[in-house]
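Note sheet for the following structure.
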Amino acid sequence: PSPFPLVVNTWAGPFTVATDAAFLALAGNSSSSSDPSSDPFSLSAATAIDAVHAGCTACEAARCDGTVGPGGSPDEACETTLDALLIDGRTLNVGAVAGLRRVAAAATVARHVLELTGHSLLVGDQATAYAVRHGLAEENLSSAESRAACDAWRARGCLPNFRAGVVPDPDDPECAAAAPRAHD
Amino acid sequence: TLSLIAIDARGNIAAGTTTNGAAHKIPGRAGDAAIPGSGAYADSDVGACGATGDGDIMMRFLPCYQAVESMRRGMAPRDAARDAVARMAARYPGVRAGLVVVSRDGVHAGAACGWEFQYAWRGGGMERAEVVVVEAL
Chain C
8 PSPFPLVVNT WAGPFTVATD AAFLALAGNS SSSSDPSSDP FSLSAATAID AVHAGCTACE
68 AARCDGTVGP GGSPDEACET TLDALLIDGR TLNVGAVAGL RRVAAAATVA RHVLELTGHS
128 LLVGDQATAY AVRHGLAEEN LSSAESRAAC DAWRARGCLP NFRAGVVPDP DDPECAAAAP
188 RAHD
Chain R
51 TLSLIAIDAR GNIAAGTTTN GAAHKIPGRA GDAAIPGSGA YADSDVGACG ATGDGDIMMR
111 FLPCYQAVES MRRGMAPRDA ARDAVARMAA RYPGVRAGLV VVSRDGVHAG AACGWEFQYA
171 WRGGGMERAE VVVVEAL
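Going line by line, the protein sequences match chains C and R. Quick note on the working numbering: the first sequence kicks off at 8 and runs consecutively. Quick note on the working numbering: the second sequence kicks off at 51 and runs consecutively.
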């Protein structure tokens with residue numbers, strides 16, 4: 008039997024919501040409840056890029072294990088920012104956002120960059136402004152969990168952060184043991 | 051971090067990422083998920099790759115670009131994934147990284163270092179996703 012359509016993604020557990028959303032998009036059974044006529048990226052004839060967009064969007068909405076979408080991984084200032092990327096393997100066209108602030112639908116902004124610009128990567132506040140001009144809403148991306156995590160991190164005597172050559176030293180073994188190592 | 055690869059019925063391949071990055075990062079920091087070839091890469095003529103891990107290190111190696119280009123030069127997905135991870139581990143032995151690589155004909159495999167990595171997949175007529183556990187090199 009044909010292995011296609013095929014969806015493969017990092018991690019398991021809560022991340023299979025993305026696997027299923029992408030697969031169902033390709034299989035023509037999108038669970039999207041939006042009106043296709045008003046959806047600029049309608050899944051009525053889903054392609055691989057539609058499926059990737061659907062999978063990423065589902066994971067953002069589900070906040071997969073807290074590392075995707077709003078409400079997770081606060082920075083030193085307690086703010087949640089988002090990174091996302093889409094790449095079309097037919098054309099090698101890329102749309103991406105980095106350090107996206109106050110907009111939850113990062114993959115959708117990346118889709119706009121992919122299809123509605125000649126650029127590859129928009130960052131920070133200007134990526135936010137671009138998203139807002141395309142109708143996406145600004146909102147606070149913090150959650151009770153991210154605020155608590157940030158408060159706890161600030162309360163520690165040593166800050167297991169990403170700075171180097173400073174005091175407190177984030178490489179101090181006692182500091183390293185004080186918090187799990189963060190990663191992407 | 052989610053990194054996801056899709057191949058449609060016509061063989062078109064796409065890949066993408068979405069993440070809120072590393073906790074307690076310095077404001078303004080961007081991770082590897084936004085960097086083409088690092089968090090994901092795809093070429094419909096060859097295959098695709100998705101990655102997760104220590105993004106500040108991984109973006110220095112573009113492991114997904116490396117893996118896809120290795121497949122273009124004839125490597126199998128498993129070998130391409132292991133080669134890309136080994137290149138990072140050789141310079142950063144403590145790096146945590148997980149890669150999943152898919153060839154254009156649908157063969158997939160993973161490689162990891164620093165942790166046990168998992169990936170999920172669903173294809174053809176499968177009713178649900180299956181999970182593959184990848185031991186660290």
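Each residue gets a CB set at the ideal place from its N, CA and C atoms; glycine is no exception. Computed from a prediction, not measured in an experiment: that's the story for all the values here.
Beta-carbon proximity list for residue i, same chain, < 6 Å, skipping 5 on both sides
i, result
"R/Thr-51", "Thr-69, Ala-83 and Thr-102"
"R/Ala-59", "none"
"C/Thr-26", "Val-14 and Asn-16"
"R/Ala-56", "Ala-64"
"C/Pro-21", "Cys-71 and Asp-72"
"R/Val-183", "Gln-168"
Test: residue i CB closer than 9 Å to a CB of chain R
i, result
"C/Leu-93", "yes"
"C/Asp-176", "no"
"C/Ala-189", "yes"
"C/Cys-157", "yes"
"C/Leu-123", "no"
"C/Asn-16", "yes"
"C/Pro-180", "no"
Residue range of the alpha helix (DSSP H) that includes residue i
i, result
"C/Trp-160", "151-162"
"C/Glu-146", "Segment: none, C/Glu-146 is in no alpha helix (DSSP H) and carries neither H nor E."
"R/Ser-120", "113-122"
"R/Asp-129", "127-141"
"C/Val-75", "Neither: C/Val-75 is in no alpha helix (DSSP H) and is coded neither H nor E."
"C/Ala-32", "23-33"
Buried versus exposed, by CB contacts within 10 Å (16 or more), residue i
i, result
"C/Gly-106", "buried"
"C/Arg-161", "exposed"
"C/Val-75", "buried"
"C/Arg-163", "exposed"
"C/Asp-178", "exposed"
"C/Ser-9", "exposed"
"R/Pro-86", "buried"
"C/Asn-147", "exposed"
"C/Gln-133", "exposed"
"C/Ser-37", "Note on C/Ser-37: pLDDT 46, under 50, position unreliable in the model; the coordinate value appears next. The residue is buried, with at least 16 neighbouring Cβ atoms inside 10 Å."
Chain-order list of residues whose beta-carbon lies under 8 Å from that of residue i (same chain, five-residue window excluded)
i, result
"R/Ala-80", "Gly-71"
"R/Ser-153", "Val-96, Gly-97, Met-121, Ala-126 and Pro-127"
"R/Arg-132", "Ala-161 and Leu-187"
"C/Ser-40", "Bear in mind that the predicted position of C/Ser-40 carries a pLDDT of just 41, short of 50, making it too unreliable to give a figure here."
Run of the beta strand (DSSP E) containing residue i, from where it starts to where it stops
i, result
"C/His-119", "Premise fails: C/His-119 lies in the alpha helix (DSSP H), 113-123, not in any beta strand (DSSP E)."
"C/Thr-64", "Premise fails: C/Thr-64 lies in the alpha helix (DSSP H), 55-69, not in any beta strand (DSSP E)."
"R/Ile-63", "63-69"
"R/Gly-173", "167-173"
"C/Asn-16", "13-17"
"R/Glu-177", "Premise fails: R/Glu-177 is in no beta strand (DSSP E) and is neither H nor E."
"R/His-158", "158-163"
Beta-bridge partners of residue i, as assigned by DSSP
i, result
"C/Asn-100", "C/Asp-95"
"R/Gly-103", "R/Ala-147"
"R/Ser-53", "R/Thr-67"
"C/Ala-105", "C/Val-130"
Closer than 9 Å to chain C by CB, residue i
i, result
"R/Ala-170", "yes"
"R/Arg-128", "no"
"R/Val-135", "no"
"R/Pro-15", "The requested residue 15 of chain R does not occur in the structure, where chain R is confined to residues 51 to 187."
"R/Pro-86", "yes"
"R/Ala-179", "yes"
Contacts of residue i in chain A (Cβ-Cβ under 9 Å)
i, result
"C/His-141", "As a matter of chain content, chain A is missing from the structure shown, whose protein chains are C and R."
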